[in-house]
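Residue numbers 1 to 383, in my numbering, belong to the letters of the sequence shown in order.
Here a beta-carbon is modelled for each residue, glycine too, at the ideal position from N, C-alpha and C.
It should be emphasised that the depicted structure is a prediction, and the values quoted were computed from it without experimental measurement.
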Amino acid sequence: MTIRLPDATGGLRTYEPRTEPLALTPGTPFTSRTVFSAAHVVADPYADVSPDSPAAVDWDATLAFRRHLWSHGLGVAEAMDTAQRGMGLDWAGAAELIRRSAAEAKAVGGRIACGVGTDQLTAGSLAEVRAAYEEQLAVVEESGAQAILMASRALAAAASGPEDYLEVYGHLLRQSAEPVVLHWLGPMFDPALEGYWGSSDLDAATDTFLDVIAAHPDKVDGIKVSLLDAQREIDLRRRLPQGVRCYTGDDFNYPELIAGDEKGFSHALLGIFDPLGPLAAEAVRVLDTGNVPGFRDLLDPTVELSRHLFQTPTRFYKTGVVFLAWLAGHQSHFTMVGGLQSARSLPHFATAYELADGLGLFPDPKLAEERMKNLLSVYGVEQ
């Protein structure tokens with residue numbers, strides 16, 4: 001069987017889907033790396049909502065996807081950018097997601113860490129930003145999950161310089177019950193975060209970031225860096241205090257960063273590990289045996305798909321993630337909160353399908369082919 005896919009020239013090309021998926025089975029947690037998948041939320045397709053309404057979430061399907069990730073040994077990074085925080089999911093929805101997912105994690109023995117932000121605010125004073133962070137930190141800690149202190153749009157707007165970041169983060173770290181993960185999300189993911197840590201000069205921003213950690217090393221489990229700059233991440237992780245981990249968030253260069261070098265390696269907290277979950281888990285288990293070439297052989301071929309999904313505008317990568325979850329059978333529809341399924345083009349979807357199919361990511365290739373043809377027909381492509 002073949003399928004006709006649109007190409008970049010406006011024409012159609014013929015593609016022959018693979019007939020068998022990769023043989024990937026659930027497995028135990030990892031020993032050499034700590035690995036989180038930042039998981040997406042599944043929208044309720046029957047809810048009568050508009051793009052600017054509060055999100056309508058299909059909780060059963062959303063939690064089922066988390067069980068899928070846990071079954072392969074992955075941790076879940078909950079209520080993060082991949083879950084459309086600030087792009088369809090408001091704080092009320094995120095708080096419910098955190099409580100539900102944390103309870104599910106306890107029930108099945110899964111590892112979970114949850115995003116703490118300030119998205120109750122659109123703008124505010126430094127005191128209001130601190131209070132918003134405190135409210136969210138309390139929700140996460142009460143749920144029993146580990147906290148990830150996310151970058152804040154409101155703080156980026158309110159801060160007048162590095163000293164304001166030092167004050168706000170120092171205040172939060174002093175009161176956190178357990179060590180947290182600090183999250184540095186670059187402006188390619190969210191333009192409102194330009195100049196985070198008090199400077200658009202990344203060297204100066206890095207110094208401030210490290211000053212925050214140095215003042216409270218016992219309260220920082222690790223850092224999650226999403227700047228899409230492999231060398232900068234390597235340089236940063238070499239400057240971390242002993243015992244503070246680096247969790248790569250670089251969806252362009254993750255194989256080499258996780259594999260590491262003679263001076264260290266990165267753990268992982270990645271949005272691309274949502275669609276790559278089982279394959280990524282298999283690769284890390286190979287790495288656990290010390291087989292770095294085998295790890296790279298499995299994971300390096302996935303980078304082309306990841307770079308495609310995270311292409312500019314990078315913040316719309318969530319659309320491709322949910323699209324692949326639909327094709328893979330993890331949800332029954334291709335609908336997103338905020339109507340974000342419209343954020344990528346048909347040629348983008350066609351390439352994502354072809355790359356994912358080529359990797360063997362679809363448990364049922366025939367189902368994926370049928371669903372891709374259904375989408376193509378909606379756009380007027382005849383098979």
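When the beta-carbon positions are compared, residue 197 and residue 189 stay at least 8 Å from each other. When the alpha-carbon of residue 51 is set against those of 340, 381, 348, 354, the nearest one is in 340. Around the Cβ of residue 233, a 10 Å sphere holds 16 or more other Cβ atoms; the residue is buried.
Counting only runs of at least 4 residues, the stretch 298–357 fully encloses the following alpha helix (DSSP H) elements, listed from N- to C-terminal order: 303–309, 317–327. Sorting 217, 259, 251, 250 by C-alpha distance to the C-alpha of residue 239 places 217 at the top. Spanning the alpha carbons of residue 344 and residue 174 requires a straight line of approximately 42 Å. Distances from the CA of residue 162 to each of 143, 181, 305, 199 were compared; the closest alpha carbon is that of 199. If one requires a minimum length of 3 residues, the beta strand (DSSP E) runs lying completely within the stretch 234–302 are 245–248, 267–270, in chain order.
Residue 213 is not bridged by DSSP to any residue. The Cβ atoms of residue 129 and residue 158 sit closer than 8 Å to each other. When secondary structure is reduced to three states using DSSP, residue 218 falls in the helix class.
The residues 226, 227, in chain order, have a CB closer than 6 Å to that of residue 186 in the same chain once the five nearest residues on each side in sequence are set aside.
With respect to the 8 Å criterion, residue 93 and residue 54 are classified as neighbours on the basis of their beta carbons.
The beta carbon of residue 285 is closer than 7 Å to those of 27, 30 in its chain, skipping five residues each way along the sequence.
Burial state of residue 120 is buried, judged by a 10 Å Cβ sphere holding 16 or more other Cβ atoms. Pairing residue 38 with residue 222, the inter-Cα distance amounts to about 16 Å. According to DSSP, residue pairing for residue 14 in a beta bridge involves 4.
Inclusion of residue 214 and residue 156 in the CB contact set at 8 Å is not warranted, their separation being larger than that value.
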